[in-house]
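Since the structure comes first, as structure tokens, the remarks are kept for the end.
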Amino acid sequence: MSRNLDAAQAVGLPVAGRQAGRRWTSFKRAWYRFSRQRVSVVGLVLVVAAIVLAIFAPWIVPYPEHAGAYVDFSQASHPPSVQHWFGTDIVGRDVMSRGVFALRGALIMAIGVIGIVVPIGVLWGLVAGYNAGTKIDTILMRTADVFLALPALVLALAVCAILKPTLFNAMLAVCVSWWPWYARLAYGMASSQRNETYVSAAQIIGAGRGHIMFREILPNCLSPVFTKMALDVGWVILIGSALSFVGLGEQPPTPALGTMLADGSKYLPELWWLAVFPAATIVVLVLAFNLLGDGIRDALAPEEA
Amino acid sequence: MSGAEVLRIDNLSISFRVYGGYLRVVRGLDLRLNRGERVAIVGETGCGKTTTVKAVFGILPRQAVVDAGSVRFGDVDVLTATAAELADIRRHRAAMIFQDPTSSLNPIFTIGDQVEEIVGVALSHGRRSSRKHRSLLRQTAVRALSDASMPDPERILKSYPMQLSGGMRQRVCIAMALATPRELLVADEPTTNLDVTIQDQVLRLVKQLAADKGTSLILITHSLGVARETAERIHVMYAGTIVEMGRTAELFESPLHPYTRLLLSSVPKLTGDGISEGIPGRLPDYLHPPAGCRFAPRCPKVMPVCEIQAPKTVEVAEHHHVACFLYGGMEASNG
Amino acid sequence: MGVFILKRLGLAMFVLVGLSILIFIIARVIPGDPARTALGPHAPEYAAQNLREQMHLAKPIYAQYALWVKGVVTGGDFGMSLLTRRPVQEDIKELFPATLELVGLAAVFMALGGVILGVLAARSRGTWVDSLVRVISYLGIATPSFVWLIMFVLLFGYVWPIFPTGGRLSGGFALPPHITGMVTVDSLVTANFATFWNGLLHLVLPAIALALAGLSQAARITRSSMVDNMDKDYIALETAYGLSQRRIFSKYLLKISLIPTVSILALDIASLFAWAFICETIVSYPGLSRYGMQAILNKDLNAVVGTVMVLGAVFVLTTIVVDIVVAMLDPRIRLSRRAA
Chain A
1201 MSRNLDAAQA VGLPVAGRQA GRRWTSFKRA WYRFSRQRVS VVGLVLVVAA
1251 IVLAIFAPWI VPYPEHAGAY VDFSQASHPP SVQHWFGTDI VGRDVMSRGV
1301 FALRGALIMA IGVIGIVVPI GVLWGLVAGY NAGTKIDTIL MRTADVFLAL
1351 PALVLALAVC AILKPTLFNA MLAVCVSWWP WYARLAYGMA SSQRNETYVS
1401 AAQIIGAGRG HIMFREILPN CLSPVFTKMA LDVGWVILIG SALSFVGLGE
1451 QPPTPALGTM LADGSKYLPE LWWLAVFPAA TIVVLVLAFN LLGDGIRDAL
1501 APEEA
Chain B
844 MSGAEVLRID NLSISFRVYG GYLRVVRGLD LRLNRGERVA IVGETGCGKT
894 TTVKAVFGIL PRQAVVDAGS VRFGDVDVLT ATAAELADIR RHRAAMIFQD
944 PTSSLNPIFT IGDQVEEIVG VALSHGRRSS RKHRSLLRQT AVRALSDASM
994 PDPERILKSY PMQLSGGMRQ RVCIAMALAT PRELLVADEP TTNLDVTIQD
1044 QVLRLVKQLA ADKGTSLILI THSLGVARET AERIHVMYAG TIVEMGRTAE
1094 LFESPLHPYT RLLLSSVPKL TGDGISEGIP GRLPDYLHPP AGCRFAPRCP
1144 KVMPVCEIQA PKTVEVAEHH HVACFLYGGM EASNG
Chain C
-19 MGVFILKRLG LAMFVLVGLS ILIFIIARVI PGDPARTALG PHAPEYAAQN
31 LREQMHLAKP IYAQYALWVK GVVTGGDFGM SLLTRRPVQE DIKELFPATL
81 ELVGLAAVFM ALGGVILGVL AARSRGTWVD SLVRVISYLG IATPSFVWLI
131 MFVLLFGYVW PIFPTGGRLS GGFALPPHIT GMVTVDSLVT ANFATFWNGL
181 LHLVLPAIAL ALAGLSQAAR ITRSSMVDNM DKDYIALETA YGLSQRRIFS
231 KYLLKISLIP TVSILALDIA SLFAWAFICE TIVSYPGLSR YGMQAILNKD
281 LNAVVGTVMV LGAVFVLTTI VVDIVVAMLD PRIRLSRRAA
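Those protein sequences? They're chains A, B and C, same order as listed. Terminal number for the first sequence in this note's numbering: 1505, no gaps in between. Terminal number for the second sequence in this note's numbering: 1178, no gaps in between. Terminal number for the third sequence in this note's numbering: 320, no gaps in between.
Structure follows, in structure tokens:
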């Protein structure tokens, strides 16, 4: 088949390899559009900052040992100050340090879920969409519909309660109910792209189904997938914080944003910093990913303001 | 103002506000239309034809700015018209057919809904729900469709746009435009998006309906052939100005402006030496337009003065005007 | 149209069956002994053995499933709740209206608020109003509903005590006669306005907290949809024919712009039931979601399965209703299906 591809290239038909050069230019153009919007750049900066903080937490944070089982009642319940920017909790731990460590759990879960769900879902939808109208399509997409009916949060709660409440189980539960969205997205794109001329062209020169699906159709479906990925990271962080809020996420003493919020809200309004900072962190984190996702969407598919 | 003059555009200039400055699209445009006349505006895509006629209806986009000139529809100055005068023009006196019949019709409403809405507004009633009124609207709509040679108008009125073919949709738009008596019909490239086989039918329909109803017609097209079939007078437009205007036969026999000549020669003929090379170059950059004549960069007969001044329109013969230094026009230029 | 509805219903049945299998498997495939967990470590072994037999735990899983289905289909029998010691279906019947009320109110806020804000933003696009709506909607999406609720309860329940801080009715108010099970509806119908008002007050804070995320999404989608459609040719044509801007807007622009909004509202309304799990718990609102939350935390399997099934059914039903509404709004969907 590679002979056919060479022949195709010689005649000037668009082929994946030649596309690569063009794709770099369109990436540069998309980046230019992205960087023109201030909010998107803000989102990107925040996201990168969060990731950097999470990775380097033990080395950046002022009190890394507070993220574990640490107690110092002499420092307990102090409001925000120079030594403790976000104050301390009721056993004396630095809220900011714990918050940064909590970022780790949130981001690992979110990125882990997206990393699993996207390949599976997109592959599923791609195959179904390419074979749209046949039995394969019906079987694949009806199955996806069944999983779609599972409310993600409820399933995550149920799984974490029934199995042990750990980060891994939470991720698993969210994955089970999340992948159909990507399948649907990929299905929609693949089934409409299937009728485009470039697909027929590839079929005529003898390209196999795999080649057509992955090197011809898939690259054209990527922009909505990327947008959704960025937005979904935000969603998964929300779900993760909900899980830990009710005590079904990571267990103490590992810090988690939802847990910190739940504990802190008991002491409102006197020890306000215990609830406000974890809440603000959740909001800012999710906001950052939303801004990023919007920026990606606007950069890849520009619209008139 | 002569009673027979329907439309008079004087020295119209329109710019678009964009990021980075202004696109100076239309410059110093003159146009006259008398009652019952059929004229064409011919020009390539992007030369400002649609923008010009949108000014007549007052539907220029938000970013558009009228820099100079006037547009007089009958005795109304459109650019300074009151809301009531503008509404009067739109509802009773003028109608427009857009280029793409698919996007001209709202996809989620029936043809009947849309046609009757327009008829209702034209009859100055709006859609009151009295039975008698609604049946009047229905009858008018049916009559309009059958005037436009549409088979089975009742069924079409109940259909949605997606159920009709492109040619039928365009006929619906034509029917809508002439459902009630109008002084002016503007057809903006009505056949561009249609099959070649349908184009002829639609053009003849437009021509005949306009004649039957005594409506003046402005036909916008990029095709000289279409203009020749339909119009008595042709305006040749380039980059926002009318470069030549003349009666159809005379224009084709003795084209004056270099652009007109090149246009004519680029039309493939059955007799002759085959296909010409077309016109090299492109439309000017409207953001930074050339100082002098806008056609100068592409003109085979360009002279030094062409790059400094824009030529004024000169009446070379009766009803034959041209804006080119080859024929005079050396006085103070238009903007 | 009828065919369309039937097809959607058939699909829904298929989805529900699949859902039940999935949930059943998840609920049953757990480490540990549910009977022992229910009774606690101190109960005698024979009691645990009895319970195991009652729950058919020894049988193969497909047999368990078959028995469960039989129970559900013939009598709506979801088994016994280990927590409340009552049939699960009784609990569901009693508690579902409360959650329905809450979610219903939240849905109304979501739909109205979202559309109004979105329309406002579209009409004043480019101005500060548009930017303000954008900021509000970003915050609305990024903040989880339980955070809003905590804030609201703090601000409007304690700092400025306008609203009650928990429960369904204040002490001193009795539940109205049971017609639908919803306090607001029942008390209105029986002209019991004091009870109606009190019930409403208890609903407002959690309803708003739940609604904000979906409201924000609806606002953004409505705005972008309207802005897209505003520039379409058919709108320009209607202006050129002299239709008043108000007419164009209220009839032709609005209807077509709401189509994507309706679709997204469906998903958000369905997810309201899920987020209600947490919010009902925070304000001790006696609804199905809080029941489900308790069931989850206490591994009350039958209750968990029952609740999830009910929620799944609601979700599927909501999607069908929305699909029908969208098909009514958009003839292109109805017609292309017939053609296809």
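No residue lacks a Cβ here, since even glycine has one placed at the ideal position from N, Cα and C.
query                                                                                                                                                                                                  : result
Return the Cβ separation of residue 84 of chain C and residue 198 of chain C in integer angstroms, given the expectation that the two are a contact with Cβ distance under 8 Å.                        : That pair is no contact at about 16 Å.
Sort out for me which residues DSSP pairs residue 1090 of chain B with in a bridge.                                                                                                                    : B/1076
Mind listing which residues of the stretch 235 to 269 of chain C have their C-beta closer than 7 Å to chain E's C-betas, in chain order?                                                               : Among the protein chains in the structure shown, which are A, B and C, there is no chain E.
Would you tell me roughly how many angstroms separate the C-alpha atoms of residue 1033 of chain B and residue 1234 of chain A, rounded to the nearest one?                                            : 38 Å
For residue 1131 of chain B and residue 1141 of chain B, what's the separation of their Cα atoms in angstroms?                                                                                         : 16 Å
Sort out for me which residues DSSP pairs residue 864 of chain B with in a bridge.                                                                                                                     : B/861
With 9 Å as the threshold, decide whether the Cβ of residue 997 of chain B is near any Cβ in chain C.                                                                                                  : no
For a quick check, are the C-beta atoms of residue 961 of chain B and residue 1085 of chain B less than 9 Å apart?                                                                                     : no
From what residue to what residue does the beta strand (DSSP E) around residue 1146 of chain B run?                                                                                                    : First-last for residue 1146 of chain B: undefined, no H or E at that position.
Quick check on the DSSP output: the alpha helix (DSSP H) that includes residue 887 of chain B runs from which residue to which?                                                                        : Taken as a continuous stretch (DSSP letters only), residue 887 of chain B belongs to no alpha helix (DSSP H), as it is neither H nor E.
Candidates B/886, B/857, B/1170 and B/874: which alpha carbon is nearest residue 1068 of chain B's?                                                                                                    : B/886
Hey, residue 949 of chain B and residue 236 of chain C: beta-carbon distance below 9 Å or not?                                                                                                         : yes
Is the beta carbon of residue 1390 of chain A closer than 9 Å to that of residue 1413 of chain A?                                                                                                      : yes
Helix, strand or coil: which one does DSSP assign to residue 850 of chain B?                                                                                                                           : strand
With DSSP as the reference, identify every bridge partner of residue 1029 of chain B, one or two as the case may be.                                                                                   : B/939 and B/1061
Run through DSSP, which three-state label would residue 877 of chain B get?                                                                                                                            : strand
Is it the case that the stretch 1320 to 1329 of chain A contacts the stretch 1384 to 1401 of chain A, given that we only count it when at least three CB pairs across the two stretches are under 8 Å? : yes
Pick from A/1229, A/1266, A/1272 and A/1286: whose alpha carbon is nearest that of residue 1473 of chain A?                                                                                            : A/1286
Determine, for residue 1293 of chain A, whether the minimum Cβ-Cβ distance to residues of chain C falls below 9 Å.                                                                                     : no
Could you tell me whether the Cβ atoms of residue 849 of chain B and residue 872 of chain B are closer together than 9 Å?                                                                              : no
In the DSSP assignment, find the unbroken alpha helix (DSSP H) run with residue 910 of chain B in it and report its ends.                                                                              : Looking at the DSSP string, residue 910 of chain B is not in any alpha helix (DSSP H); the run it does join, the beta strand (DSSP E), is 907 to 916.
By the three-class DSSP mapping on this structure, what secondary structure does residue 1127 of chain B have?                                                                                         : coil
How many angstroms separate the CA atom of residue 1038 of chain B from the CA atom of residue 1065 of chain B?                                                                                        : 16 Å
Name, please, each residue of chain B whose Cβ falls closer than 7 Å to the Cβ of residue 219 of chain C.                                                                                              : 902
Across the stretch 1463 to 1481 of chain A and the stretch 860 to 870 of chain B, are there enough close Cβ pairs to call them in contact, namely three or more that are closer than 8 Å?              : no
What does DSSP give as the partner residue(s) for residue 1157 of chain B in the beta ladder?                                                                                                          : B/1165
Any heavy atom of the ligand COA closer than 8 Å to the CB of residue 262 of chain C?                                                                                                                  : Absence of the ligand COA is noted for the structure shown, with no ligands found whatsoever.
Tell me whether the beta-carbon of residue 914 of chain B lies closer than 9 Å to the beta-carbon of residue 898 of chain B.                                                                           : yes
Hey, residue 939 of chain B and residue 1054 of chain B: beta-carbon distance below 9 Å or not?                                                                                                        : no
So the alpha helix (DSSP H) residue 1273 of chain A belongs to, where does it begin and stop?                                                                                                          : Taken as a continuous stretch (DSSP letters only), residue 1273 of chain A belongs to no alpha helix (DSSP H), as it is neither H nor E.
Throw me the rounded Cβ distance for the residue 1147 of chain B and residue 1167 of chain B pair, which I believe falls under 8 Å.                                                                    : The pair is not a contact, with the Cβ atoms about 14 Å apart (cut-off 8 Å).
With respect to the alpha helix (DSSP H) encompassing residue 1419 of chain A, which residues constitute its N-terminal and C-terminal limits?                                                         : 1418 to 1445
Tell me, please, whether the CB atom of residue -6 of chain C is closer than 9 Å to any CB atom in chain A?                                                                                            : yes
Strictly under 9 Å for the Cβ-Cβ distance: is residue 53 of chain C near chain A by that measure?                                                                                                      : no
Where do the ends of the alpha helix (DSSP H) carrying residue 325 of chain C lie?                                                                                                                     : The requested residue 325 of chain C is not part of the displayed model; chain C covers only -19 to 320.
Among all the DSSP beta bridges, which residues are the ones paired with residue 856 of chain B?                                                                                                       : B/911
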